[in-house]
Every structure is written in structure tokens, then in C-alpha cells.
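Protein chains in written order, with my numbering: chain A, 337 to 687; chain B, 3 to 829.
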Amino acid sequence: MTQQIRDELGGILPSDEFRAATDAIVANIEQVIEGKTATVRLALAVLLAEGHLLIEDVPGVGKTKLAKALARSIDCSVRRIQFTPDLLPSDVTGVSVYNQETHDFEFRPGAVFANLVVGDEINRASPKTQSALLECMEERQVTVDGVTYDLQTPFMVIATQNPIEMEGTYPLPEAQRDRFTARIAMGYPDAGAELAMLDVHTGVDPLQELRPVSDAATVRRLIATVRDVHVADAVKQYAVDLVTATRESPDLRLGASPRATLQLLRTARAVAALEGRDYVLPDDLQALAVPVLAHRVISTADAQLARRTTDAIISDLVHRLPLPHERQRSPYDRPQSRSDNGRSPYEPRRR
Amino acid sequence: MRGRRHLGFVAAVATLLAAAPLATIYERWTWLVQCVIVVALISGAATLARWWRAPVWAQIVSMLGALLFGLTWIFPSGAELLNLIPMPATVQHFGALVTGSAQDMRTYGVPVQDVDSLLFITVLGVGGVAIVVDLLTVTLRRPALAGLPMLAIYSVPVAVHVDSVSAVPFAIGAAGFLWLLAADNVDRVRHFGRRFTGDGRDVDVWEPSPLAAAGRRLAVVGVVVAVALPLAVPGMTSGLLSRIGPGGSGQGNGLSGSGGSPGRVNLFAALSGELTRSEIRDMVKVTTDDPSPFYLRFAVADDMRRTGVATRTPNGMPVTRGMVDPRNTGRTIEGITHHAYQANVEIIDFNMPFLPVYAELVSMSGVDSTWLYDESMQVVFSNRSSSQKRKYSFEYVRAEYTPQALAAAPSLPPEHAMRQLYTEVDQVREVDDLVARLIRGKRTDYDKVRAIFDYFSRDNGFSYSVSTEGGVSGQDIVNFLTTKVGFCQQYAAAMTWLVRAAGIPARVAFGFTNGTNRQENTYTLTNLNLHAWTEVYFTDIGWVPFDPTPAASIPGSARSRSAWAPDVDAPDPVTSAPATGGNPETDASAGPTEDNRPERAVDENLGEITGPVAQRGPTWPLWVAAGALLLVLLLSLPALRRELLRRRRQRRTTAAASAAPTAVGEAPPGVARVLLSDGELARARADAHAAWDEFIDTLVDFRVRVDPTETPRATAERLVADGLTTGPAEEAVRLLGRAEERARYAREPLRQHAPLDDALRAVRRALRSQADRRTRIVAAALPPSVLNRWRSTLMDVSAGVVGRSSRVRDRLLRWNPRRVLASRPSR
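See the structure below:
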């Protein structure tokens, strides 16, 4: 029986220790990825928000490198799955094999049984295999042959995918995308960073020399600290307003889910904590709206024809949504319009 | 077809409503009954003609026929066939009525009695308008044009009344016109087919379309504005401007209220206004062959009420038709002598609807037929002309009375019309007591009048002064009887009051004394010679003048010359007066000061009135100043409100800065969180909010964009990035943003910071230095933040009112009877 007990989170870290720990991780990753501080911090924020990260960009901008650097910086179990078209679900979750010595089936854990799971080129696996991740990502457990195994804490899936190449790929289903807390794009490095990279990467791969600066226990305490960050009612209201706006936007066919609201707020907590605050600001939500919401929504055919990406639509919403103020009524909690004797307002009264 | 019938009915009723202003012309409602009959006939004829699908010309003919038929029936000449069919004689009769109406229009003042000719012209006019309105509305479907003939009706009272016409008839007429427009458009819209509301459902037949609500609202607002604006703005004849007129010296040619109709001139106000005037100007020049004329008189006030003494509307025939000679009444009474004289009057500067004449006019020349003579009032008046710059001559009869003749006159019986009309007076206990005391033991009318007349003597403490207020209402007269200081109008009004209280008819007369400027037979009368006195009615004798004002104070007073009303203050004993009866040479008995008296009186007057004039004369600068002050006050309201807000918030923020606990250090979170009391936290939070609100208002004032989607931090950063705040203000604006952000979203508000008040000041200074001059002025004088807030409040309130009223209307519609009737589907 290899079922594992979910690890208890530790105590809350004081702010200076929190800052030292997080700064060390960020600095460590930056030895490998130059000039991408914001992306790195966002990746770390997703880790601290107990979420999963989807890195989506063209080939060769360091997606896998970022995932591996984050994994290496933390002294915890790291597994890597290279998603290929012939990968099977049991390769991901694990499989029960017959042990001839004990004359019994024995569970051999798959690749997800680790603190950090790096899934490379996730859209190359068949939907059958991709769906093996559904349970573990949301419920942090794996059920094989009717037996449920808990996963360790922290547990984070860092997946990369290539949006350009369509040949031989399977786009992630909506349910799968919704399980990723944030989708980030690496983007090309600026000229200076690229120059510096040439110097560093010509010799030995710096990734190999990366030493862990933190461990799973510390990360658990970091997570506990993040959970303690204060969220004012006005900020919660703003998060709800934002998500509601995506559901009501005429440009979007599918809005964000309640899970998105939850993860938006969690990530905002982590970002606030990384900035040394013990309270969340609407600014955090505004900054996170695109990474957290854009990959979950589906734009209408019209918007697609107009070449409006979901990123643009979401950032547009953010720029148009007024800030809730505690002394000001939210535009969404208006009383419902008078029901006309139970009839729909569009129904003609008399024919 | 049904819609046309409905429209025809509406057109008829709208015409009648538009005729409502005529009510201000007529005394009674006969005209309305006749108009209703004629308009109903016309409308019925038109409906019938349309029912028969007659061509347009036939409709017109039928309506004209109905009008002719109605007029014949209402104004018969007696020569009609079967009393209905008009004959040539009828047409002649109508012609006579029309010419007569032209004459009567000049003759009668408003309100007019029911005169056939005027009623005829009214009914004819309204009938004509009804025909035109019906044609325009039903046949041509141009109801908007129908407003023109309706307006023509309204112009009649406007032309007749010299001053403004009441707004109510106009509103009634406008309502009729709006109804006509609405009926026409409802009919038009019905032809569109099915009606929808704005939100897409069908409109029931009985329900007004919500899409039309805007039109209805516009119409109501239009009428309200049309009625309210002229009431508020000073007009040409009434309102603020004319009220501050008399103080101006440039065109000071008239008495206040000049040019009005005779019944409306406030003679008392005019009189006191002229008497207290510092300058002296010539008003009238009169030449007479009468060696000792009595006062030149032009008006009487005979309507005594507690609120004051007013003039009844005079009534009479044109002076060109001649008058009844008072000598030819048939009766001659012992002791009364009549002498006929002739006088020429040249008006220099006297603007009134009256002409000054001597009493008991016999004939008059030099004036046209617009001037009328009121026999009972003995005044020459006009409803449209003014006395200014006129020259005329007249013959008159001056009567002399002996006290014995007056004493012999019997009292009027209480039910006599004259007595009922001219003894009407309010009961005031003090006055009644005084009168009872004065007339105790007096039997004849004359004795009673003399007792009252003699009461106004220096011995009883009465003195003359024009500096008193000069009011003539009931209370003012009681005050006068107590203080015993006043001038002619109070003396005259008081005596009239007392005489009336004694049951003897009396009235106040207005005119000129004979003045001091006499050359041969020509008297030049100035504004200081204006005077008021009392006239008492004696049975079979007529109106006899009594001047109770102390003669010594009135230049040119005739008091000392009249035997029946001698000067009670004269040094000569009163008892000798009857003996010298009717002798004009009693002048001499007034003593050696007689010659100097007038000048002295004038000087005294001047000396006495310089004080009051300084206060009362130039009232218009006060008005202008008050108006300007009010305007400035109104304009400065937003700025005041802004300043008040700023003060209140400043008090908060400075208090917060001083109250911030200095001993509590910034403890690292998580280790030892210093817990403040909830009250302190709440206060610090409120202070930060106050500072932020002030900051946002400042931004609005200086026209810096305020984005409701921006967080405080982003707003502060934007200001810095835009370069609007530099140097210390940069720090300040960040501090403000941080404080508000902490107050809104953090567990604890920001503590231990520089005073927010200073930060606010720094930011405001920076913004002001960046703004252009116009923005700065607007921000100081009319802060947009305050104006915006007021505007949005107003909009919220009005939206609430509209919402509530529409809910109420919906509820009421449930009880609309049309809903029950509307069983058939909507067209």
C-alpha cells in the first residue's frame, strides 16, 4: 500500500523570512532565464497559490527551461513527462502490476506522484492521455483500480505547449484548460538579455549548475503564509465583478467559471505576498486577469473573425469595469426588474 | 370616419377653451353660453356634411350656414321668417350691431356688461375661429396651424387690458390646443397598425403608448415655461422694473402707475410719492374767470376697506355728448348759490387716465370721445388715453353753501342706495368709540360732520407732516388717529372713515390746491399742490367738500374760505364764520402771516422731507444691489459648498495626523501585530477616505481625468507619469494613494505618515500650477465637482420621481374604464 498522507502545511512565515525565501527562488531561476522577472514571479505565485501553470509560446523561448529551473530551485521530488502521441494514461497516473513474489497486485506510481510535474508539449498527447491529468490536477489525488491515492503537497503541474504548431497536436479540452490556474507566455527576451544569454549559455548549460535554494517544507510554509493574506470585501466584490463581466461580455461565448474566481483570488494573494503586502489590491486582480482568465474563456465567432484574441477582450473588460467602492453600490447587485405578473417581459400581454 | 368625428368634437371644444381668455373682458358668462351654442351648431353641421361625404366647399358652406342660423336665433331683429330664417332686415340689424360694437368698444372699460353689440361681435369671432379650426384640423389635417386663430382670440384681452392678463386663461387655451394636437396625432398613429412599447410588447388599446411619453412631457414643460417665464421676468407694464421706476429722475414725468385704467391707479401711493419728491415741477396750468376757485379735482376714492381705500371703476358717457347742468335739477334750495364759470387747462406734466377739472362740470371741449364723464364721481376719465400734454377748456358751476342750508338737509334713510354705497366701512372699535363721542348730542348730518371736521384741529393735537408713511389702510388710519401726525391723504381718509362710521356718505377726492403761483387768473400748479380732501353727501344738495387738513400747512388751501367748513385753527373764533358766510375776503382774517405762509410751508416741507427722500427716493439702487447680491450669492453657492466640504475633510485629516499614535512603531507583521482599537482604526480609515475624496474632487475641479476603473495606486502613478505632479507633490500624491489603498483594502489603515492635509495642499498647488487660467478660475468659482454631484443628484431624484409616477400610472391604468371597453383587438 503506497497511499500517501497529505502533508500538513507548516506555520506562517514572518514577512522578512518570506521575502528572503521567495527572493532566493526568483534569483536562482533568473540565473537561467534572464530578463523575465515578471514571468518568473508569476510562475512562483502560481506555485504558492497551489495552482498549475501552462506556459504557452513559440518554440525556443525557454518554456521548458523555466519549468525545469523552477523545479530544480526547490528541493523536492520532480518528475517530467514528455507528452507524445503514444503516451498512455497509465504512464501518467501509474499502474498496478502483479508482483510474483507477493502474489499480489502492486501499485507502481506514475509520473504525477511528485511535488513538481513538468509536462512538456502537453498538447502532443492524445485527449485520452491528457484527460488522465484531470483528476490529479483538481482533486490532488489519483484513483487507480478503485483505490484513491493522495498526492503530495505542494503539487504543481507545469505544462508547456506550442500554440503555433497544429500538425499532430490535440488542443487541450476546455475542462483541462480550466484546471490550469494561469497561462503565461514567455515572450522573446530583449536585446540585452539575449546578448547576456549568449555569453552564459555557450559553455555549460547553467541549468545543470542550478542548486536548490528551498525545500518542500519551506514551500508549504510559504503556501500557508499566502493563505493568510487579507482580502477585503471590496476586492472580493471586484473579483466577482470581473468574472461576471466575462460571462456577460458580448464578445465571449463562454465566460470564466467559479473556479476561475477562486484561483484568481488565490493567485492575487500570492502576488500580494510576493510584493510584501499582507492584503490584496484590485491592482493585483487587474494584473492577473489576463493570465488567469484569458485561457478559460471562448470568444464568439464574430470576435474571432475580428481577430480579437481573448487576451485583448479580457484586458478590455478590465479597463472598462469600474472599481467597487464600499460606499458605492455594485452595478451587478441591482434588484431584478419587476416581473410582470410572472410573464416574461418580452411576451406580448394579449394576443 | 370615427376618428374624424372625434377630431371634429375636439376641435370644437379646443376652440371654446381657447376662448377662455374672453372671460376676463366680460362681467358675466352670457357670452360663453352663446358661443357654446354657435360652436356646437357649427360642429354639428360639419359632422353632418362629412357624414354625407360632402366636398370641402359644401362643408364650409354648411358651417357658415350654421353660424348665420345661430346668430339669427341669438340676436333676432324681429323681422325673421319664423324667428329663424334670416331676412334682409336681419342683415341690416347685424350691420348695425357691428357698427355699434365699434362704438361700444371705445366706450366701455373692462369688465363690460352684456351689451348686444359686443356679444354679437364675440360670438361672430368665436364662430369664425371655430370654422377655421375645424377646417384646418379635420379637413386639412394641419392642427398646428389651428393654433393661429386660437391665438387671435387670446390677443383680444391682451389688447384690451392695458396691463398684463392673468395666466390661467392662457393655460386653459394652451391645454385645448395641446389636446387638439394630441388627438390628431393619436388618430394618425392609430393608422400605423399595431403599437408597441419601447420594450417590445404590445400596447393595449386603452393604454397610452410609453413612446409618446416624451412628447407629452415636452408639451407640459413647454406650457409651464410659457406661463412661468413671463410671470418671473419683469414685463413691460408690470414686474420689477416698473416698480423701481419712480426714483429715476430722467423721465420723471408721471405718477407711478400712470397710464393704467382708471380703476387701477393707486391714487394714494401716487399722491404721497409726488408730495415727498424733492424737486418741484409744474404739472398743470389753469386759467379761470372764477375769482376764488375751489380745488381743481381729478379723481375720487370711494371704496373703503380695511386694506385701504381704492377707486371704484368709473363708468360714464363720452364728454362730447354733453352733461346735465346741475342748476337744472329743478330744485332750488335756500342758502345754496351757483355761479357758472369757464376755465382753460393746459397739462404740462401730469400723466393719468383722468383730466383735472373743477367740480360740477357743465360742458367740455378740446377732448375727443375717448374721454368719459362719470356723473356720480364727477370725474373725467378715459380707458385708453392719458392726460399728458392735453389742452382743453370747460364750463363749470361752483356752489356755495351756507351752514344753515346744509343743516337743513335731512338724513338719508338707511336703505337708500347712496347711503349703502358710500357708508360701507369696516368696524373698528376705537373709531366707533371716537365717532360716538364726537357726535353725541348732534342731530343733523351737518352737525355731525362738523363735529368730526372740527376734531382735526391743532387744539386736539393734530399736526402736519409728509414724512409719515402715509398708509390709508384700516390700521394705518387708527395709527394716525393715535399719533395725530400726517398729511392730506391721511386727514382725508380718516375724516371719510369717521363720517362714514357716523352713517353719512363720504368719499375722498383728489386734486390740486390753488397753489401759490398765481398770475392774474392763471394758476400754475406743481406736484406739491397735489391734495386730497373729503366730500360728504347731503340729501338733495350733493357732494360738499370738506378739507380737514390743517390749512396752515397747505399752500393755497381753500379751507379758510369755505363758510361751511371753516379753518378750525384760524385765530379768528369759529363762531364768526357763519356770520361772514360765503365771503371770499375771509382770507384776510387768516392773519398777517397769510402772505408768507405758503413759502414757509413749502420750505418746511422741503426741510421735513429731505430726510425721508434720502431714504425713500432712490430705492432702485437698493434693488439693483440686492439683486446683484442675490446673484453673487447664487453664483458663489457651489464655491461655498466646495469650501465647506474641504474644511470638513481638512478637519478630519488634520485631526487624524495629530491623533496618530507616535509611540506605536511599525511592528513587523506576523510577529507582534499592534492592535489598535476598532474606533481608532475606523477613524483612521475614514480620514484616509476623506483625504482621498478631497483629492478626487480636486482632480475633477482641475479637469484631470478621473477613471472609475483605476485603483488609487494606479491613479497616483498616472498623475506622476503624466507629469502633473512633480517634486514634493509626487511624494504627496503617492502617499494619498497609499493611504486610501490601505484604508480600503488592508487589515489596518496606514499609520505613521505625514499629514494628509499637507499632501493634499501640495497636490492642489501642483495641479493649479499645471492648469491653464480658465481651468483655475472655473475651479475656484464654479467647482465642477460640486456641480457634477448636484447634477447627478438631480438626475437621480428626477429618475426616481419618473419611475414612481409611472408605477402609479400603471396602477391607475388598471382601473381605467377604457380597458373594459376595449374588447376588440387593437388596430
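The beta-carbon is built from N, C-alpha and C at its ideal position, and this holds for glycine as well.
All values reported here derive from a predicted model rather than from experimental measurement.
Which value, in whole angstroms, describes the spacing of the CA atoms of residue i and residue j?
| i | j | result |
| --- | --- | --- |
| M689 (chain A) | R513 (chain A) | Within the shown structure, residues of chain A are numbered from 337 to 687, placing residue 689 (chain A) beyond reach of any answer. |
| A508 (chain B) | R502 (chain B) | 6 Å |
| L243 (chain B) | S64 (chain B) | Because L243 (chain B) carries a pLDDT of 34, less than 50, the predicted location of this residue cannot be relied on, and the following value inherits that uncertainty. L243 (chain B) and S64 (chain B): Cα-Cα distance of roughly 51 Å. |
| V453 (chain A) | L406 (chain A) | 11 Å |
| V788 (chain B) | A641 (chain B) | 8 Å |
| V12 (chain B) | I779 (chain B) | 55 Å |
| G591 (chain A) | E530 (chain A) | 38 Å |
| G250 (chain B) | R421 (chain B) | The predicted position of G250 (chain B) is uncertain, since its pLDDT is 35 and thus under 50; no value can be drawn from it. |
| T32 (chain B) | V114 (chain B) | 12 Å |
| Q491 (chain B) | H533 (chain B) | 7 Å |
| R685 (chain A) | D393 (chain A) | Here the model assigns R685 (chain A) a pLDDT of 39, short of 50, so the residue's position is not dependable, and the following value carries that caveat. Each residue's alpha carbon lies about 55 Å from the other. |
| A511 (chain B) | L530 (chain B) | 16 Å |
| T313 (chain B) | R55 (chain B) | 59 Å |
| D569 (chain A) | R687 (chain B) | 15 Å |
| D359 (chain A) | A374 (chain A) | 13 Å |
| D118 (chain B) | F383 (chain B) | 24 Å |
What residues of chain A sit near residue i, judged by a beta carbon separation below 7 Å?
| i | result |
| --- | --- |
| E682 (chain B) | What E682 (chain B) touches in chain A: nothing, since even the nearest Cβ is about 18 Å away. |
| E743 (chain B) | L617 |
| P710 (chain B) | P658, L659 |
Under the assumption that residue i contacts residue j (Cβ atoms under 8 Å), give the Cβ distance between them as a whole number of angstroms.
| i | j | result |
| --- | --- | --- |
| Q344 (chain B) | S395 (chain B) | 7 Å |
| T289 (chain B) | T524 (chain B) | 4 Å |
| V691 (chain A) | F443 (chain A) | Within the shown structure, residues of chain A are numbered from 337 to 687, placing residue 691 (chain A) beyond reach of any answer. |
| R519 (chain A) | H388 (chain A) | Actually they do not touch by this definition, with Cβ atoms about 10 Å apart. |
| T141 (chain B) | V58 (chain B) | 6 Å |
| T320 (chain A) | V628 (chain A) | Lying before the first or after the last residue shown, residue 320 (chain A) is absent from chain A, which here runs from 337 to 687. |
Which residues in chain B have a C-beta closer than 7 Å to the C-beta of residue i? List them in chain order.
| i | result |
| --- | --- |
| Y506 (chain A) | Those do not exist, as Y506 (chain A) stays about 38 Å from chain B at its closest Cβ, beyond 7 Å. |
| D587 (chain A) | Here the premise fails: no neighbours, minimum Cβ distance about 17 Å. |
| H566 (chain A) | A748, R749 |
Which residues in chain B sit within 8 Å of residue i, going by Cβ to Cβ distance?
| i | result |
| --- | --- |
| A570 (chain A) | R746, Y747 |
| S655 (chain A) | According to the sequence provided, residue 655 (chain A) is His. The question's Ser does not apply to it. Ordered by position in chain B, the residues that pass the 8 Å Cβ test against H655 (chain A) are T711. |
| H388 (chain A) | Correct list: empty, because the minimum Cβ distance to chain B is about 27 Å. |
| L652 (chain A) | Checking the sequence shown, residue 652 (chain A) turns out to be Asp, not Leu. Those do not exist, as D652 (chain A) stays about 11 Å from chain B at its closest Cβ, beyond 8 Å. |
| I541 (chain A) | Note on identity: in this sequence residue 541 (chain A) is Asp, with Ile being the wrong assignment. Chain B residues near D541 (chain A): none, gap ~39 Å exceeds 8 Å. |
| D577 (chain A) | What D577 (chain A) touches in chain B: nothing, since even the nearest Cβ is about 11 Å away. |
Could you tell me which chain A residues have their CB closer than 8 Å to the CB of residue i, listed as they occur along the chain?
| i | result |
| --- | --- |
| A718 (chain B) | Neighbours of A718 (chain B) on chain A: none; closest Cβ ~11 Å, over 8 Å. |
| R715 (chain B) | L617, D619 |
What does DSSP give as the partner residues of residue i in its beta bridges?
| i | result |
| --- | --- |
| F548 (chain B) | B:T536 |
| I338 (chain B) | B:Y403 |
| P320 (chain B) | B:L374 |
| I634 (chain A) | A:L590 |
| H388 (chain A) | Answer by DSSP bridge pairing: none, since H388 (chain A) is not bridged. |
| A508 (chain B) | B:V538 |
| H566 (chain A) | A:Y615 |
| L417 (chain A) | Sequence inspection shows Ile at residue 417 (chain A); the Leu mentioned does not correspond to that position. Note: I417 (chain A) sits in a beta bridge opposite A:G455. |
| G275 (chain B) | G275 (chain B) pairs with nothing; no bridge assigned. |
| K372 (chain A) | Answer is none; K372 (chain A) lacks a bridge partner. |
| F514 (chain B) | B:L298, B:L532 |
Residues of chain A with CB under 9 Å from residue i, in chain order?
| i | result |
| --- | --- |
| T655 (chain B) | What T655 (chain B) touches in chain A: nothing, since even the nearest Cβ is about 17 Å away. |
Could you tell me which chain B residues have their CB closer than 9 Å to the CB of residue i, listed as they occur along the chain?
| i | result |
| --- | --- |
| D359 (chain A) | Here the premise fails: no neighbours, minimum Cβ distance about 16 Å. |
| D456 (chain A) | In chain order: nothing, as chain B lies at least about 37 Å away. |
| D647 (chain A) | Going along chain B, no residue has its Cβ under 9 Å from D647 (chain A), so there is no contact; the nearest lies around 18 Å. |
message: Which runs of the alpha helix (DSSP H) at least 4 residues long sit entirely within the region 379-452 of chain B? Give them in chain order.
response: Correct list: 405-410, 419-424, 431-440.
field: Every unbroken alpha helix (DSSP H) within the region 710-751 of chain B, with a cutoff of 4 residues, ordered by chain
entry: Counting only runs of 4 or more, we get 714-723, 730-747.
field: Length at least 4, wholly inside the region 96-141 of chain B: the alpha helix (DSSP H) runs in chain order
entry: Whole alpha helix (DSSP H) segments, 4+ residues: 118-136.
field: Start-end ranges of the beta strand (DSSP E) lying completely within the region 442-475 of chain A, minimum 3 residues
entry: When DSSP assignments are scanned along the region 442-475 of chain A, the uninterrupted stretches of beta strand (DSSP E) that are 3 or more residues long and fall wholly within it turn out to be 452-456.
query: Which runs of the alpha helix (DSSP H) fall wholly inside the region 525-549 of chain A and span at least 4 residues, in chain order?
result: Within the region 525-549 of chain A, the complete alpha helix (DSSP H) runs of at least 4 residues are 527-538, 542-545.
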